[in-house]
Amino acid sequence: MTPQTLLWPILLPALAAVICFLIPRNMKLLREGIALLASVAVLYLGFALFSVKNLEFRLPWMGNGINFELRLYHFSSFILLGLSGFLFLITLYSTVKMKNDPRVGEYYAYVFLSAALANGAVLADNFVPLVFFWEGLLLTLYGLITIGGKSSNRTAVKAFLISGFCDFCMILGIAILWSITGTLTISQISVQPEGLAVTAFIMMMIGAIGKAGAMPFHTWIPDAAIDAPVTFMAFLPAAFEKLLGIYLLARITLDLFKLEKGSSLSLVLMIIGAATIVFAVMMALIQKDFKRLLSYHAVSQVGYMILGIGTAIPIGIAGGIFHMINHAMYKCGLFLSAGSVEHRTGTTELKKLGGLSKDMPLTAFGFSVCALAISGVWPLNGFVSKEMIFHGALETGYPVFAIAAWVGAIFTFASFLKAGHSVFFGPRTKEVPPVKESPAPVFIPILILAFLCITFGVFNKLPLVNFIQPILEGHVEAGENIDFTAHALSLFNPVAGISILCLLIALCLHFTGWKRGDKKAYLASEPVHKFPVIKQIYDLAEARVFDLYEQGIVFLRCFSLVLFKGIDRPIDFFFEKIVTKTGSAFSGVLQKAHTGHYANYLAWCLGGLLAVAALINLLIK
Amino acid sequence: MIFLFIGLPLVVAALLPLIGKISKRVLPDLLANAVFLLLLVLAVTAGRQVISEGPVLKQLNWLGEPVGITVAVDGFSLFMLMAISLLTLCVSLYSIDYMERYGAKANYYALLLMMAAGMNGLVLVTDLFNVYLFLEVAAIASYALVAYGLEHDELEASFKYLMLSVIASAAILISIAVLFGMTGSLGFTAVAAGLRSLDAKFVVGFCAALFIMGFGLKAALIPFHAWLPDAHPSAPAPISAILSGLLIKVSGVYALTRILFNVFGLTPALSQVLMYLGAVSIVVAAFLALGQKDMKRLLAYSSISQVGYVVLGIGIGTPLGIAGGLFHLFNHALAKGLLFLNSGSVQHATGTRNLEEMGGLAKRMPVTAATSLIGSLSIVGVPPLSGFWSKLIIIMALVQAKEWPLALVAILASVLTLWYYLLMQRKAFFGKLDEKWKNVKEAPFWMTASTVILALLSIGVGLFFSAFIKSWIQPASDVLARGIHLALGSWGI
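So the protein lines, in turn, are chains A and B.
Residue 1 is where the first sequence starts when you use my numbering, and the numbers rise one by one after that.
Residue 622 is where the second sequence starts when you use my numbering, and the numbers rise one by one after that.
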């Protein structure tokens, strides 16, 4: 395979985007056919490149170290494969779900453009192309959210600004890193995080975790869950952005900076991770809307990945990366099943739904598998990756992080019990008439993802040995164990024991809540919600008091008001009233002097002559 | 060839009244425009080569006998010739349509050509008496042209103009007589040499004061300006454009500069006086313009203010200041010519010059509104239009010469300029269209064409200002700087 092949994963989706955009509106079948074909082709490319593993493409570009450099190696090929897989599933799903959207051509264009840009960002081996592709994703992010309709504009702006801020931080970090190392080629950079490099690390880390949607850069995701199309949620926040963000975070911590075990930077990452897990899952627990609940989980799970990578311990890092791919699978599956429910019932409010498992058995099955996987139930993939993160967190010597992760596990399971119970089990509600199972293109992606969740769990050696281990090779000290499969599915160790205990607690929590709430499943989280002190915090959170973006907007509004009243108006008064009044008064006096009398003017001339003559005589030396 | 600049317009001017008997319109239009076009082409193409070897001196021969008229071309006069030919061409193109309603086109063109001949002569001659001679040629033509409409106001304005101009001519003549009495000669170089051998600095100071008053009156510097706000608005629009764009600069600024720099030599005292006069003119005239209701009167006051900038720049006496002043002279000629022509178009279409009665004319006269906006912004000094660069150069020269208060005046006055030009634009062209103007039409072809040419030149010179300065302004300011260099040190004043 020639190095030029590396351009294909970028050019092919970009071409597909242009074609999808140009096809006239009424030729739906043609557009869907082309989109599917293109996504299959990209998937094939993903497999082909994954089998090649090592390929480099370097093109001199602007000079000064700014070159168009692409590099395929085991990590990027793995992410590339993941991206193309999700692209295919989402495209398949969209053929039904987005069929009647008025802006469907635009939608496919954005999706494929996102794929092209994401592929480019993953393959880029030079910061300048990386930033180019990375920033391009901002545009498609904005565009995709606006497809949701009128109310989505505000959310789109919010997402754009928050992501833009994170990307700006990343660019700053890259600039600092450039000044330290003097090169822009990513694979040549490896610095110790000390001095200025710490700033660079933190800046780039903000860029990476902001893309992944960690706290406090997550607030647009729950809003988008309501406003944006559900396929968008499954596509960008659930799958693509997680893969990209965590990929970059892993590159930062593994390659660019040598993150030391127990260092303060490692602690910072773990604190962000742990906080994200706990706070986001608490928010998820009390949500009344299916999609919004899932979106908070999409934030919460990022915490596990950041925590895992932040441990700087091989098993933790491997767990974080493994969790990334696992999460992308089940969260994508969950969003797609929410979309399937929405497709048939027209709503995602938990209160209105119920007992759909009989009508939509396949969706219910897919949802159940994914929900159990995200909750970390044995023997699914979520269990394996979470166990690895628990082990890693414990090995750092700070058990508090492991405890936070376990608390997250409790509420994750509790909230999914609530969601599943409300939507698919329990009695039918009157609001929703009897429905049919969604068409095949909708449930097939869900089932594929559910199947993958089972496979990656039961046969966890497959991904761990093939995907994860090569990434860590060369990054661990010689002789250290990088075979993580040893205790992958082992139930008989204290860590697994605590995890299973957590699941049991969650079950009890749900059961009591359900009983107390008049046997209405959607009220199962109310005991936690109504708990003293916690209730007040929830109220504040629902009022967006903790949303930095909203607070920032409020602050800016006040600030601009103060500026307007305190500075702008007085200046305006000065010019509007004082300057114009004096100006016209002066002008009036001068005009009065021009009487039109010849003698008058003649006198001025002679006076002027005298003045000039006097002045010249005065100045003569 | 040099004599062509004076002789050709004079000869055609003499023939035109006769030709007017045969053809009332077509021939005079063709002939006058052809003459101006030819002179422009000559000035731009051939003139360069003539002075490539340094200044050229020519004596007039009449039937084989040398006559006492000697002309010379150097960088400064060539630059002025180019400016004169360019603006007169645009104006005479404009007149093709505009002068239809006045009738007697042949006489009009004859007067215009005579004025052009006077101005061309003024920039070419090399002795004091011929300066006076051509000054009067141009002035007499302009008296007639101001009164061309023969209405009460126009005759009054022309009379006032004539009476004050006579004072100026008298002052100039007295000064020339005194200089002749002291040195026994009239040629620039001869007088300069003669003065250098004498120690008569107070008499020279007196002469300089008379020249400043005389030429200052021609240039309408404050307090010698009172005739201009009456005379310029009264004339037909193309004549206003010539008077404001060229005549006050040629017979005022050019003559004054030529004499002060190349005969007396610009001494610190004269430099100070010029700068003060310039600064006072800038500020006072700007305030006066602010209160005007009559569009052409506003433009006339603005001319006084802008000539103030030119005098201020030249008065600094540094090469940069001179270059800025000359550049502003040219830019102001383009932009003010354009604005006066536009005011003519507006008057042609609506019959009024009162800004209060206009409004929303941009909808009916888009080209006029757009070109007038360009002209206004160029004078105000908005980049990248040409006026921005010349004002910038003047202000930079002031800062360089450490004249901080004057630099501040120049900057603040440009805010005033912006103010009254925006007032004018808003009242005339923007806002709601008045009911009574709904049948107004855009000006005829030649009128719009010549304004478009001037607007494009304003933009083009602004965009390629460095090339323009290098090829036209630099040679001109070199001549003046050399004059200072020769004179410095040899004079007490």
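Virtual Cβ for every residue (Gly too), placed ideally from N, Cα, C.
Source: prediction; values computed, not measured.
- Message: Once DSSP output is grouped into helix, strand and coil, what is the label at glycine 63 of chain A?
- Response: strand
- Rounded to whole angstroms, what's the CA-CA distance from tryptophan 1025 of chain B to proline 940 of chain B? Just pull it up for me. 18 Å
- Return helix, strand or coil for threonine 971 of chain B, following the three-state DSSP convention. helix
- Message: Please tell me whether phenylalanine 586 of chain A has its Cβ less than 9 Å away from any Cβ of chain B.
- Response: yes
- Query: How do the segment 320 to 332 of chain A and the segment 260 to 267 of chain A stand: do at least 3 beta-carbon pairs fall below 8 Å, yes or no?
  - Reply: no
- Message: Below 7 Å on C-beta distance, what does phenylalanine 827 of chain B contact in chain A?
- Response: Ala613
- Please check if any C-beta of chain B sits within less than 9 Å of the C-beta of isoleucine 620 of chain A. yes
- Item | First and last residue of the uninterrupted beta strand (DSSP E) at glutamate 135 of chain A | Glutamate 135 of chain A -> not in any beta strand (DSSP E); alpha helix (DSSP H) instead, spanning 127 to 146.
- Message: I believe leucine 959 of chain B touches leucine 842 of chain B by the beta-carbon criterion, under 8 Å. Please report the beta-carbon distance rounded to the nearest angstrom.
- Response: In fact, because the Cβ distance is near 23 Å, the residues do not count as touching under 8 Å.
- Query: tyrosine 93 of chain A and glycine 339 of chain A: beta carbons closer than 9 Å?
  - Reply: yes
- Query: In chain B, which residues lie less than 7 Å from asparagine 617 of chain A when you measure between Cβ atoms?
  - Reply: Phe823 and Gly826
- With DSSP as the reference, please indicate the residues paired to glycine 808 of chain B in a beta bridge. B/Asp748
- Query: Can you find a CB in chain A that lies within less than 9 Å of the CB of isoleucine 788 of chain B?
  - Reply: yes
- Message: Residues of the segment 837 to 866 of chain B in Cβ contact with chain A at a cutoff of 9 Å, in chain order, please.
- Response: Gly837, Leu838, Leu842, Ile843, Pro844, Phe845, His846, Ala847, Trp848, Pro850 and Asp851
- Task: Would you mind working out which of A/Ile79, A/Ile206, A/Lys386 and A/Leu70 sits nearest phenylalanine 127 of chain A, comparing C-alpha positions?
- Result: A/Leu70
- Message: On a Cα-Cα basis, can you pick out the residue from A/Pro439, A/Met324 and A/Gly273 that is closest to aspartate 359 of chain A?
- Response: A/Pro439
- Beta carbon proximity, leucine 920 of chain B to chain A, threshold 9 Å: no
- Can you pull the chain A residues whose beta carbon is under 7 Å from the beta carbon of alanine 890 of chain B, in chain order? Ile616, Leu619 and Ile620
- In angstroms with no decimal places, state the Cα-to-Cα distance between alanine 856 of chain B and aspartate 1055 of chain B. 27 Å
- What residue from B/Asn1060, B/Ala970, B/Ser1011 and B/Leu920 has the CA that sits closest to aspartate 718 of chain B's CA? B/Ala970
- Message: Which runs of the beta strand (DSSP E) at least 3 residues long sit entirely within the segment 696 to 767 of chain B? Give them in chain order.
- Response: none
- Item | Separation of leucine 139 of chain A from leucine 123 of chain A, as counted between CA atoms | 20 Å
- Message: Please report the straight-line C-alpha distance between isoleucine 321 of chain A and leucine 29 of chain A, rounded to a whole angstrom.
- Response: 38 Å
- Query: Which class does arginine 544 of chain A belong to by DSSP, given the choice of helix, strand or coil?
  - Reply: coil
- Message: Do tryptophan 604 of chain A and alanine 830 of chain B have their beta-carbon atoms positioned less than 9 Å apart in this structure?
- Response: no
- Item | Within 7 Å of chain A by C-beta, residues of the segment 908 to 940 of chain B in sequence order | Phe908, Leu909, Leu911 and Gly912
- Using a C-beta cutoff of 9 Å, does tyrosine 247 of chain A count as contacting chain B? no
- Message: Is isoleucine 389 of chain A near the ligand ATP - that is, is its Cβ less than 8 Å away from at least one heavy atom of it?
- Response: As far as ligands go, the structure on display features none, and thus does not contain the ligand ATP.
- Message: For threonine 888 of chain B and leucine 1013 of chain B, what's the separation of their Cα atoms in angstroms?
- Response: 24 Å
- Comparing alpha-carbon positions, which option in A/Trp134, A/Thr146 and A/Val157 lies nearest cysteine 169 of chain A? A/Trp134
- Task: Please classify aspartate 1055 of chain B: does DSSP put it in a helix, a strand, or coil?
- Result: coil
- Query: What three-state label does DSSP hand arginine 918 of chain B in the structure shown?
  - Reply: helix
- Kindly list the residues whose CB is nearer than 8 Å to the CB of leucine 1109 of chain B, restricted to its own chain and excluding five residues on each side of it in sequence; keep chain order. Bear in mind that a pLDDT of 43 at leucine 1109 of chain B, under 50, signals an unreliable position, so the model cannot answer this.
- Query: If you run the structure through DSSP and keep just helix, strand and coil, what is alanine 693 of chain B?
  - Reply: strand
- Item | Alpha-carbon to alpha-carbon, asparagine 67 of chain A and arginine 154 of chain A | 37 Å
- Which partner residues does lysine 291 of chain A have in the DSSP bridge list? Beta-bridge pairing links lysine 291 of chain A to no other residue.
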